[in-house]
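Peer 1: Here you go, one structure.
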Amino acid sequence: MDFMFYGVPTLIIAVAVLMATFVIRRVLRMRRAWNSGLTAEARCLRTYTTTSGGSGDSSVHTTLHHVYEFVARDGRTVRFDEPHGSGAVIEGDYVTVFYSEGERINATAHRPSPVRHGLALAGILGFLGVMVVFCVGFMVTYSQIFDPIGDVFFGTNDGYVVDEQTGETFPADQFAEMP
Numbered sequence: 009m010d011f012m013f014y015g016v017p018t019l020i021i022a023v024a025v026l027m028a029t030f031v032i033r034r035v036l037r038m039r040r041a042w043n044s045g046l047t048a049e050a051r052c053l054r055t056y057t058t059t060s061g062g063s064g065d066s067s068v069h070t071t072l073h074h075v076y077e078f079v080a081r082d083g084r085t086v087r088f089d090e091p092h093g094s095g096a097v098i099e100g101d102y103v104t105v106f107y108s109e110g111e112r113i114n115a116t117a118h119r120p121s122p123v124r125h126g127l128a129l130a131g132i133l134g135f136l137g138v139m140v141v142f143c144v145g146f147m148v149t150y151s152q153i154f155d156p157i158g159d160v161f162f163g164t165n166d167g168y169v170v171d172e173q174t175g176e177t178f179p180a181d182q183f184a185e186m187p
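Residue numbers (the numbering used here): 9 to 187.
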């Protein structure tokens, strides 16, 4: 019974933390590419869309992807797929990409917009933080309200007695002293 009131909020907290980690890593990867100062001319090799949703009464969400290829400063040919691209870019177009050097090259064709990404990051992390605080508050409130009573329905009341006439719960030593 307690699993529902402790396990489910804990699962929600774990998912929120994983989502926050994913969002932070994505923003840091984009900023690393923008702040490196390295740019290259990339060719759009392919565009395609992916769809999600649409089953039952849910709406369909379509995401436009672009596949770009460019030559990095060290001579490596880099190909990457980027979602949420501009609809104005079609196959064969050349665009400027921002990238960072290293063993794994981070690249993006999105224009630098640190303020927009910062506000989006703050909004998403704020929402996830509210979810975590709500779940922790729910678990604390549940433990404060129901732990003193115990699980009366399943017989583990931990020294508490239920008055059959009123339905109130009392500690066993106080109940014995009551008239």
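Glycine is no exception: its CB is placed at the ideal position from the N, C-alpha and C atoms.
With distance defined between alpha-carbon atoms, name the residue in THR174, ARG51, VAL140, VAL97 nearest to ALA24.
Peer 2: Measuring from the Cα of ALA24, the nearest candidate turns out to be VAL140.
Peer 1: Where does GLY137 fall in DSSP's three states?
Peer 2: Helix, per DSSP.
Peer 1: In this structure, how does DSSP classify THR116 when only helix, strand and coil are distinguished?
Peer 2: In the structure shown, THR116 sits in a strand (DSSP, three-state: E or B).
Peer 1: Assuming ALA115 and VAL86 form a contact by the criterion Cβ under 8 Å, report the distance between their Cβ atoms to the nearest whole angstrom.
Peer 2: Right, the Cβ-Cβ distance comes to about 6 Å (below 8 Å), so this counts as a contact.
Peer 1: Under the DSSP definition of a beta bridge, which residues are partnered with PHE88?
Peer 2: Answer is TYR76, bridged to PHE88.
Peer 1: How would you label MET12, buried or exposed, when you count the other beta carbons within 10 angstroms and need 16 or more for buried?
Peer 2: Exposed: under 16 other Cβ atoms inside 10 Å.
Peer 1: Have a look at the DSSP bridge pairing and note the partners of HIS125.
Peer 2: Paired residues: none, contrary to the question.
Peer 1: To the nearest angstrom, how far is it from the Cα of LEU53 to the Cα of ARG34?
Peer 2: Roughly 23 Å separates the two Cα atoms.
Peer 1: What does the alpha-carbon distance come out to for the pair THR149 and GLY137?
Peer 2: Whole-angstrom Cα-Cα distance: 18 Å.
Peer 1: Hey, could you find the ends of the alpha helix (DSSP H) ALA24 is sitting in?
Peer 2: Taken as a continuous stretch (DSSP letters only), the alpha helix (DSSP H) holding ALA24 covers 10–43.
Peer 1: For SER63, count the other beta carbons within 10 Å of its own beta carbon; 16 or more makes it buried, fewer makes it exposed. Which is it?
Peer 2: SER63 should be labelled exposed.
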